[in-house]
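A short write-up of the structure that comes next.
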Amino acid sequence: MATWQTAIYANKVPAGTGHGDFCSSTHLHAVTGTLPTSLATNDVINFGYLPANAVAVSAILKAQSQLDSNGAPTLTLDLGVTGTPQLWKAAITTVGRAAGVSSDNTIASAGGLYKNTTGSKVLVIGTVHAQAATAVAGVLEVDIEYYVEDASGSNP
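Just so we're aligned: 232 in my numbering is position 124 of the sequence shown, and the numbers increase by one with no gaps anywhere.
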């Protein structure tokens, strides 16, 4: 199993916060470098972090080009967090299998309004659920929209 990472993760860019009673949403937006054709089942892509008390509103996974060019593609991807790798997307077949740009903005029911209650930042990861039949090097992009709730009891 190999692990790949985005510049956001590698450079330890802190998660954005926008919290309080009148909080606004912010985004974890990360783009991989070119992923190699050697991506295999269970390989992990570290996208970046959600801060403590972040509540995820949406999750989009996008391939900037085709990642499996086989006539009967087998590539499937997961998107979630450490410990729950399929939180938002489980073995999706809509990203990276068709020619050109493809994306998926659906969220698995369990991931809807997921709140990071760990008390610290949590790593957002993509996992190769099943590797490509005919792998093509390419780029993945993720965008997680979220807001940060204040800690319980912090308001007067």
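Beta carbons: idealized from backbone N, C-alpha and C, even for Gly.
Quick caveat, the model's predicted, so the values are computed rather than measured.
If we ignore side chains and look at the alpha-carbon of each, how far apart do residue i and residue j end up?
i	j	result
serine 177	tyrosine 157	31 Å
isoleucine 210	isoleucine 168	Looking at the sequence shown, residue 210 is not isoleucine but serine. Rounded to whole angstroms, serine 210 to isoleucine 168 spans 11 Å at the Cα level.
asparagine 145	leucine 183	Reading off the sequence, residue 145 comes out as threonine, not asparagine. Each residue's Cα considered, the two are about 12 Å apart.
valine 230	glutamine 174	29 Å
glycine 219	tryptophan 196	5 Å
threonine 190	valine 232	7 Å
Let me know if residue i comes out buried or exposed under the rule of 16 or more other beta-carbons within 10 Å of its beta-carbon.
i	result
asparagine 224	buried
leucine 221	exposed
glycine 141	exposed
glycine 234	buried
Span of the beta strand (DSSP E) holding residue i?
i	result
aspartate 251	248-256
aspartate 193	The sequence given here places proline at residue 193; aspartate does not occur at that position. Its beta strand (DSSP E) spans residues 192-200.
lysine 170	162-171
glycine 156	152-158
threonine 184	184-189
threonine 235	230-238
Between the beta-carbon of residue i and the beta-carbon of residue j, is there less than 8 Å?
i	j	result
glutamine 172	valine 247	yes
alanine 240	leucine 147	yes
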